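Everything in the sequence shown is counted per the working numbering, starting at 5 for the first residue and increasing by one.
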Amino acid sequence: MSLQELTTKIQPLDEAAMQAARVRQDDLTKPRGSLGQLEDLSIKIAGITGEEKPVIQHKVVTAMAGDHGVVAEGVSAFPSEVTPQMVMNFVFGGAAINVLAKHVGARVTIVDMGVASEIDHPEVINKKIALGTGNIAQGPAMSREQAIQAIEAGAQVVKAELDKGLDILATGDMGIGNTTPSAAIAAAITGRSPAEIVGRGTGVDDAGLQRKTAAVVNALRTNQPDPQDGLDVLAKVGGFEIGGLAGAILAAAAHRKPVVIDGFISTAAAMIAVSMAPQVRDYLIAAHRSQELGHQIMLEWLGLEPLLDLQMRLGEGTGAVLAMSLVEAACKILCEMATFSEAGVSDKE
């Protein structure tokens with residue numbers, strides 16, 4: 005599916021399905037509204053899927069990986085060599101995302117979008133655009149053509165997963181240095197200053213934080229991304245895995261599937277997707293509030309309230325898969341809980 009098809013195929017939520025779900029929620033054997041956000045979630049999923057009683061069975065988290073030239077500016081506590089090493093850790097099941105995905109019954113799809121070394125393994129989907137992005141502090145991350153390629157590649161990954169069975173998508177990432185382009189994206193789109201958005205990422209010290217903030221300032225000054233053009237922002241200050249995640253989000257929404265976005269990097273990808281297709285907003289569920297400094301600003305721009313706040317900042321999709329289980333629980337409440345009439349219980353509200 006081309007980028008144009010992706011952005012034009014996304015439909016409004018199904019109001020009839022939402023109303024039917026709302027009526028059922030109000031008739032379940034509980035005081036109305038007593039399950040709070042779980043009730044709202046189930047109604048939203050009904051609207052997304054077009055199903056009055058939506059079922060979440062096939063859960064997928066896509067972990068997309070890429071490297072970043074801006075690491076040369078000293079913005080990370082870890083070297084770029086860690087990116088392919090962690091990708092292989094995903095493959096062998098040793099990462100946090102593997103443990104948590106197994107815990108909630110989600111399958112992990114690992115994608116090389118632009119790791120700066122060759123990865124040859126059958127469990128890693130090769131969508132490599134290039135061996136890492138350019139240094140955004142000195143020039144653009146990628147060409148506009150490469151940005152389109154990244155988005156379409158991410159969409160292709162989701163299309164293949166839909167063919168295997170996908171009811172809900174969680175977004176995850178791996179890429180040393182990727183909180184820097186994510187901060188640049190957020191600053192470009194929201195208009196807020198880098199100082200309000202740039203955080204410590206992998207845990208850089210005060211000097212590292214200064215270098216990182218300076219790198220984002222330089223990236224915005226050097227590249228002048230157009231905040232009204234999500235593709236321009238991605239090309240000038242983004243990352244290949246961020247573009248892949250944006251494409252994955254667009255594709256899931258185009259096929260009426262809910263998307264649980266993870267933390268800082270996934271939220272930057274969601275901002276790119278929403279900038280290109282505003283209707284995507286309705287298909288997003290914010291998993292958690294990251295400890296990264298600017299994440300709340302990004303969530304506010306998207307108009308999303310996160311389900312969790314566990315002081316997490318790992319990435320990988322870890323918060324998203326945890327939240328995915330809450331979405332599944334919300335749908336089970338709607339579908340499996342008895343109504344007052346079914347249970348023979350008096351509704352004396």
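Built from N, CA and C at the ideal position, the CB exists for glycine as well.
What you are looking at is a predicted structure, and each value in this text was computed from that prediction instead of being measured.
Paired residues, beta bridge with M148 - DSSP: In the sequence as displayed, the identity of residue 148 is Arg instead of Met. Answer is none; R148 lacks a bridge partner.
Min CB distance A192 to chain B below 7 Å: In the structure shown, chain B cannot be found, because there is only a single protein chain.
Proximity to V74 [Cα-Cα], best of P144, L45, A25 and I14: P144
Outcome for A157 when other beta-carbon atoms lying within 10 angstroms are tallied against a minimum of 16: buried
Alpha helix (DSSP H) segment containing T175, residue limits: It is not in any alpha helix (DSSP H) - T175 instead sits in the beta strand (DSSP E) that spans I172 to M178.
The beta strand (DSSP E) enclosing M317, as first and last residue numbers: The residue asked about is misnamed: residue 317 is Arg in this sequence, not Met. No beta strand (DSSP E) contains R317, which DSSP labels as neither H nor E.
Alpha carbon of L45 to alpha carbon of R204, nearest angstrom: Taking the straight line from one Cα to the other gives about 32 Å.
Rounded distance between the beta-carbons of G179 and H292, thought under 8 Å: In this structure, H292 and G179 do not form a Cβ contact; the two beta carbons are roughly 19 Å apart against a cut-off of 8 Å.
Distance between beta carbons of G243 and G78, contact taken as under 8 Å: Contact flag wrong, Cβ pair sits at about 17 Å.
Cβ neighbours of A174 in the same chain (closer than 6 Å, five flanking residues each side left out): V65, V264, G321, A324, V325 and M328
Reduced DSSP category for H292 - H, G, I as helix; E, B as strand; rest coil: In the structure shown, H292 adopts extended strand secondary structure according to DSSP, grouped into three states.
Segment contact flag, the segment 294-302 with the segment 262-278, C-beta cutoff 8 Å, min 3 pairs: yes
Within 7 Å, strictly: CB atoms of A272 and S197: no
Where E122 falls, given that 16 or more other Cβ within 10 Å makes a residue buried: The residue in question, E122, is exposed, as its Cβ has fewer than 16 Cβ neighbours within 10 Å.
Whether E56 touches A21 by CB criterion (7 Å): yes
Classification of F96 by the beta-carbon crowding that lies within 10 angstroms, buried from 16 upward: exposed
P231 beta carbon less than 7 Å from that of A191: Note that the C-beta distance between A191 and P231 is not below 7 Å.
DSSP-derived helix/strand/coil call for I193: I193 falls in the helix class under three-state DSSP.
Contact belief for V331 with P262 at Cβ below 8 Å, rounded distance in angstroms: Indeed they touch by this definition, with Cβ atoms about 7 Å apart.
Residues near L312 in its chain [Cβ-Cβ closer than 7 Å; skip 5 each side]: A291, H292, G323, L326 and A327
Nonlocal neighbours in the same chain, by C-beta distance under 8 Å from G54, ignoring five residues either side: D18, A21 and R260
Span separating the alpha-carbon of E346 from that of E340: 11 Å
Sheet register partners of I129 (DSSP bridge): V115
Identity of the residue in A250, V103, G207 and A255 nearest K13 by Cα: The candidate whose alpha carbon is nearest that of K13 is A255.
Residue range of the unbroken alpha helix (DSSP H) whose run includes A281: No alpha helix (DSSP H) holds A281; DSSP gives it neither H nor E.
Inter-residue Cα distance where the pair is N139 and C335: Distance from the CA of N139 to the CA of C335, rounded to the nearest whole angstrom, comes to 44 Å.
Contacts around A100, its chain only, beta-carbon distance under 7 Å, and the 5 residues preceding and following it disregarded: L318, E320 and T322
Limits of the beta strand (DSSP E) - the one that M68 falls within: K63 to G70
In chain order, each beta strand (DSSP E) run of at least 3 residues that lies wholly inside the segment 21-84: Taking only runs of at least 3 residues, the beta strand (DSSP E) segments lying wholly in the segment 21-84 are 63-70.
Under the three-state DSSP convention, the category A211 falls into: In the three-state scheme derived from DSSP, where H, G and I count as helix and E and B as strand, A211 is classed as helix.
Bridge partners - A110, DSSP secondary structure assignment: Looking at the DSSP assignment, A110 forms a beta bridge with K63.
A219 and A141 closer than 7 Å at C-beta: yes
Under the three-state DSSP convention, the category I155 falls into: helix
For V349, the first and last residue of its enclosing beta strand (DSSP E): Per DSSP, V349 belongs to no beta strand (DSSP E) and is neither H nor E.
Start-to-end residues for the beta strand (DSSP E) that takes in V263: V263 to I265
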